[in-house]
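Undergrad: Would you mind keeping the following structure in view while I ask a few things?
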Amino acid sequence: MINSSLQELAAALAEKKISSVELTTLFLDRIEKLNPTLNAFITIDREKALSLARAADAKLGAGETAPLLGIPLAHKDIFCTQGWRTTCGSKMLANFVSPYDAHVVEKMAAAGMVLLGKCNMDEFAMGSSNETSFFGPVKNPWDLARVPGGSSGGSAAAIAARLVPAATGTDTGGSIRQPAALCGLTGLKPTYGVVSRFGMIAFASSLDQGGPMAKSAEDCALLLNAMAGFDARDSTSLDRPAEDYTRDLNKPLAGLKIGLPQEFFGAGMSTGVRAAVEAALAEYRRLGATTVEVSLPNSNLSVPAYYVIAPAEASSNLARFDGVRYGHRAAEYRDLIEMYEKTRAEGFGPEVKRRILIGTYVLSHGYYDAYYLKAQQVRRLIAEDFRAAFASCDVIIGPTTPTPAFRFGEKGADPVQMYLSDIYTIAVNLAGLPAMSIPCGFDEGLPVGLQIIAPWFAEAKMLNVAHRYQQATDWHRRMPAGLEE
Amino acid sequence: MSLSPDDVSRIAHLARIEISAAESAQTREQLNAILAFVEQLQAVDTAGIVPMAHAVDVVQRLREDRVTEPDRRDDFMAIAPESEAGLYLVPKVIE
């Protein structure tokens, strides 16, 4: 049951082979057993989860049917949940209980999903390894000495270890796709604006996007159906007609044109990652796709542009954490300014402080044009590169990460080295495109991710490309040794 | 562009984050490394390029000028570090 797809779980629930309470208990028991080792969850509430499961069972008993009704779920701890703690991986919000639900949380609850708990994450979603959480690092279930990726690493580790069948994540520079790749999962970042950011604690507002993480593309399509939709409370939410993201899953791939950006296949990629990606491309050709070389000439500028834009927006967004209305407040201070300064010094970890300081600097008088404005101009060049590339291909494919999961502490001392972990994912956020990572093999026993990037709003096509590959391969069904039922 | 110790103090004050003397040197080193890294943007010719503030062109929506949210003052005050009589308590600002 722990390895079942969401469709299989829904069928088992509908046919009364298992109740939602039994299914929820199964996963809660696994969390109880394995979370002390993995640290994938920050908050678990057995009673609340079982109460949601009982409500789902009552609906199922009354003959109600819905694709996700009664299926357990976990939320990244960046999504506000009324009645549950929402920490965002920070001491600043260690005891914060939101007075409202995020839009995504409302949508998943309306779909009948059963919330098991809140997943660990890099503090305020700033990190590529899940080493910056105030609640300690998350371990990668494939190798406990290695990182699960960040910042949605708790969600990724929880699904990889089969502690939950699906989870939410957020992706500002690759934070759904990179941990999905490092943990052997499927993770999807939708087009910017497709999923509401209301109640999702803001890091960099023009880049942040919530999305689903699960074992397969088919599962992600079902989850995206529930998550997506217009929300008047988010001014960047797009008012578009509802879509069924499962509609194209089984279309044949004959005639599909895959763009291969030369910039994604250069130096820096490990031999094992390169071999796995090339084998996946061979599989796509066997399925009827053709490949064409495309160029993203400004992609080398995506990481530096991101590390101006994201900190700038973070410095503004995180100004709200000042100890006045919620969250941590320093115990001793002489005046208001000292209260702010001590509160923020105590409440934020080193990476968050670093990014706030960089953001404050690049937005400060005299430097705005040289840094922030320049980065926003480069951002347009990067987006235009994608627009030009999509004139000659349907999707772009490449590696999600240059290497498989790295060891704890390996990149911690050098922020810039850590930032380069997201070298293949960041450009997508700057351009606002949809993209996903699917498992495509192993490098020295560790999962490798294949990144599929689609034009704006082409999620259904992208899911088709991923699903057909997953029908022909079984990488997405593999699970870490020693964690079987 | 390299930040001096005074620059770091000034930025920290603007950001409202206290940085101890012990943290200052390491912070300066890391900030300078990041700024050196992003410096490569300066070599790009961006003349005539319109800055892209948002990934997807959006128009700020307007709504009817009417009250839609209920009064939840008690809920929001309940999570404040210090409050009294419906007000957030902070150190005295005006003498």
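For the protein sequence lines, the chains are A and B, in the order given.
Residues 110 to 594 in this note's numbering are what the first sequence spells out, letter by letter.
Residues 2 to 96 in this note's numbering are what the second sequence spells out, letter by letter.
Even glycine gets a Cβ: it sits at the ideal position worked out from N, Cα and C.
#1: Three or more C-beta pairs under 8 Å: does that hold for the segment 391 to 400 of chain A against the segment 513 to 521 of chain A?
#2: Give, in chain order, every residue of the segment 56 to 82 of chain B whose Cβ lies closer than 8 Å to some Cβ of chain A.
#3: Measure the CB-CB distance between Gly550/A and Ala323/A and report whether it falls below 7 Å.
#4: Any Cβ of chain B within less than 7 Å of the Cβ of Gln486/A?
#5: For the segment 553 to 571 of chain A, enumerate the residues whose C-beta is nearer than 8 Å to any C-beta of chain B, in chain order.
#6: Can you tell me whether DSSP reads Glu124/A as helix, strand or coil?
#7: Across the segment 15 to 35 of chain B and the segment 327 to 336 of chain A, are there enough close Cβ pairs to call them in contact, namely three or more that are closer than 8 Å?
#8: What ranges does the beta strand (DSSP E) occupy inside the segment 282 to 366 of chain A, keeping only unbroken runs of at least 3 residues that lie completely in it?
#9: Reducing DSSP to helix, strand and coil, say where Asp137/B ends up.
#10: Output yes if chain A places a C-beta closer than 7 Å to the C-beta of Pro6/B; else output no.
#11: Of all the residues that make up the segment 42 to 57 of chain B, which are near chain A by a beta-carbon distance shorter than 8 Å?
#12: Might you give, ordered along the chain, the residues of its own chain that have their beta carbon closer than 7 Å to the beta carbon of Ser128/A, omitting 5 neighbours on each side?
#13: For Leu15/B, go through chain A and note every residue whose CB falls closer than 7 Å to its CB, in chain order.
#14: Span of the beta strand (DSSP E) holding Leu559/A?
#15: Residue ranges of each alpha helix (DSSP H) run of no fewer than 4 residues wholly in the segment 447 to 475 of chain A, ordered along the chain?
#16: Are Thr548/A and Gly293/A touching if we call contact CB-CB under 7 Å?
#17: For Val68/B and Asn249/A, what's the separation of their Cα atoms in angstroms?
#18: Counting only beta-carbon separations shorter than 7 Å, does Ile95/B have a partner in chain A?
#19: Measure how close the beta-carbons of Ala234/A and Ser260/A come, nearest whole angstrom, since I'm counting them as under 8 Å.
#20: Taking just the CA atoms, how far does Ala544/A sit from Ile535/A?
#21: Kindly indicate which residue of Ser238/A, Ile446/A, Gly338/A and Pro145/A has the alpha-carbon position closest to the one of Val94/B.
#22: Can you confirm whether the segment 301 to 311 of chain A touches the segment 183 to 193 of chain A when touching is taken to mean that 3 or more C-beta pairs between the two stretches lie within less than 8 Å?
#23: Just checking my contact of Thr196/A with Ala203/A at CB under 8 Å: how many whole Å lie between their CB atoms?
#24: From the DSSP output, in three-state form, read off Leu572/A for me.
#25: DSSP on Tyr533/A, reduced to helix/strand/coil?
#26: Spell out whether any CB of chain E is found under 7 Å from the CB atom of Met309/A.
#27: Would you mind stating whether Val401/A and Pro370/A have Cβ atoms separated by less than 7 Å?
#28: List, in order along the chain, the chain B residues whose C-beta lies closer than 8 Å to that of Tyr416/A?
#29: Which residues, taken in chain order from the segment 252 to 270 of chain A, show a beta carbon closer than 7 Å to some beta carbon of chain B?
#30: Can you tell me which of the three DSSP states Pro548/A falls into?
#31: Give a yes or no on whether the minimum CB-CB distance between Glu85/B and chain A is below 7 Å.
#32: What are the boundary residues of the alpha helix (DSSP H) that includes Glu70/B?
#33: Name the one or two DSSP bridge partners that Glu402/A has.
#34: So Leu32/B contacts chain A; which residues on that side make the cut at Cβ distance below 9 Å?
#35: Determine the direct distance from the alpha carbon of Ser305/A to that of Asp343/A, and round the result to whole angstroms.
#36: Would you mind working out which of Met588/A, Tyr442/A, Ile285/A and Arg155/A sits nearest Tyr509/A, comparing C-alpha positions?
TA: Let me spell this out:
#1: These segments do not touch.
#2: So the list reads Ala56, Val57, Val59, Gln61, Arg62, Arg64, Arg73, Asp76, Phe77, Ala79, Ile80, Ala81 and Pro82, given in the order they occur along the chain.
#3: Translated into positions along the first sequence, residue 550/A becomes position 441. Translated into positions along the first sequence, residue 323/A becomes position 214. Taking 7 Å as the Cβ cut-off, Gly550/A and Ala323/A do not qualify as a contacting pair.
#4: If you number the first sequence from 1, residue 486/A lands on position 377. Yes, because at least one Cβ of chain B sits closer than 7 Å to the Cβ of Gln486/A.
#5: Near chain B, meaning a CB-to-CB distance below 8 Å, the residues of the segment 553 to 571 of chain A are Trp565.
#6: On the first sequence, position 15 is the one that residue 124/A refers to. Glu124/A: coil per DSSP, three-state reduction.
#7: Remark: fewer than three beta-carbon pairs, one from each stretch, lie closer than 8 Å, so the segment 15 to 35 of chain B and the segment 327 to 336 of chain A are not flagged as touching.
#8: As far as the segment 282 to 366 of chain A is concerned, its whole beta strand (DSSP E) runs of at least 3 residues are 295 to 298 and 319 to 323.
#9: Chain B is shown only over 2 to 96; residue 137/B falls outside these bounds and no answer can be derived.
#10: For the purposes of this step, residue 6/B is taken as the residue at position 5 of the second sequence. Not one chain A Cβ lies under 7 Å of Pro6/B.
#11: Result list: Leu42, Gln43, Val45, Thr47, Ile50, Val51, Pro52, Met53, Ala54, His55, Ala56 and Val57.
#12: For the purposes of this step, residue 128/A is taken as residue 19 along the first sequence, with counting starting at 1. For Ser128/A, same chain residues with a beta-carbon under 7 Å away, outside a window of 5 residues either side, are Asp166 in chain order.
#13: Taking the second sequence and counting its residues from 1, one reaches residue 15/B at position 14. Per Cβ cutoff of 7 Å: Thr469 and Ser473.
#14: The count along the first sequence starts at 1 and reaches residue 559/A at position 450. Secondary structure note for Leu559/A: its beta strand (DSSP E) is the uninterrupted segment Leu555 to Ile562.
#15: Correct list: 459 to 472.
#16: For the purposes of this step, residue 548/A is taken as the residue at position 439 of the first sequence. For the purposes of this step, residue 293/A is taken as the residue at position 184 of the first sequence. Contrary to the premise, residue 548/A reads as Pro rather than Thr in this sequence. Yes, Cβ-Cβ distance for Pro548/A and Gly293/A is below 7 Å.
#17: Position 67 of the second sequence, counted from the first residue, corresponds to residue 68/B. Position 140 of the first sequence, counted from the first residue, corresponds to residue 249/A. Note on geometry: alpha-carbon atoms of Val68/B and Asn249/A lie some 48 Å from one another.
#18: Along the second sequence, read from residue 1 onward, the residue named residue 95/B stands at position 94. Contact with chain A is absent for Ile95/B, since none of that chain's Cβ atoms lies less than 7 Å from the residue's Cβ.
#19: On the first sequence, residue 234/A is found 125 positions in, with the first residue counted as 1. On the first sequence, residue 260/A is found 151 positions in, with the first residue counted as 1. The beta carbons of Ala234/A and Ser260/A sit about 4 Å from each other, so the pair counts as a contact at 8 Å.
#20: Here the question's residue 535/A lines up with position 426 in the first sequence. Here the question's residue 544/A lines up with position 435 in the first sequence. Distance between the alpha carbons of Ile535/A and Ala544/A is about 11 Å.
#21: Stepping through the second sequence from its first residue, residue 94/B is reached at position 93. Cα-wise, what sits closest to Val94/B is Ile446/A.
#22: In the pairwise beta carbon analysis, the segment 183 to 193 of chain A is classified as touching the segment 301 to 311 of chain A: at least three pairs are separated by under 8 Å.
#23: Against the first sequence, residue 196/A aligns to sequence position 87. Against the first sequence, residue 203/A aligns to sequence position 94. Separation of the CB atoms of Thr196/A and Ala203/A is rounded to 6 Å, and the pair is thereby assigned contact status at 8 Å.
#24: Stepping through the first sequence from its first residue, residue 572/A is reached at position 463. DSSP places Leu572/A within a helical segment (H, G or I) once states are collapsed to three.
#25: Here the question's residue 533/A lines up with position 424 in the first sequence. Coil.
#26: Among the protein chains in the structure shown, which are A and B, there is no chain E.
#27: For the purposes of this step, residue 401/A is taken as the residue at position 292 of the first sequence. For the purposes of this step, residue 370/A is taken as the residue at position 261 of the first sequence. No. Outside cutoff.
#28: Position 307 of the first sequence, counted from the start, is the residue given in the question as residue 416/A. Going along chain B in sequence order, the residues near Tyr416/A (Cβ under 8 Å) are Ile35, Phe38 and Val39.
#29: Contact annotation: in the segment 252 to 270 of chain A, no residue has its CB less than 7 Å from a CB in chain B.
#30: On the first sequence, residue 548/A is found 439 positions in, with the first residue counted as 1. Looking at Pro548/A - three-state DSSP - the assignment turns out to be strand.
#31: Position 84 of the second sequence, counting from 1, holds the residue named residue 85/B. Closer than 7 Å: no.
#32: If you number the second sequence from 1, residue 70/B lands on position 69. Following the DSSP letters along the chain, one finds Glu70/B in no alpha helix (DSSP H), marked with neither H nor E.
#33: Position 293 of the first sequence, counting from 1, holds the residue named residue 402/A. Answer by DSSP bridge pairing, in chain order: Leu369/A.
#34: The residue you call residue 32/B lines up with position 31 of the second sequence. Here the neighbours are Arg463, Leu466, Ile467 and Tyr470.
#35: As a position in the first sequence, residue 343/A is number 234, starting the count at 1. As a position in the first sequence, residue 305/A is number 196, starting the count at 1. The C-alpha of Ser305/A is placed about 6 Å away from the C-alpha of Asp343/A.
#36: Here residue 509/A refers to the residue found at position 400 of the first sequence. Reading off the sequence shown, one finds Thr at residue 509/A, where the question assumed Tyr. Here the closest residue by C-alpha is Ile285/A.
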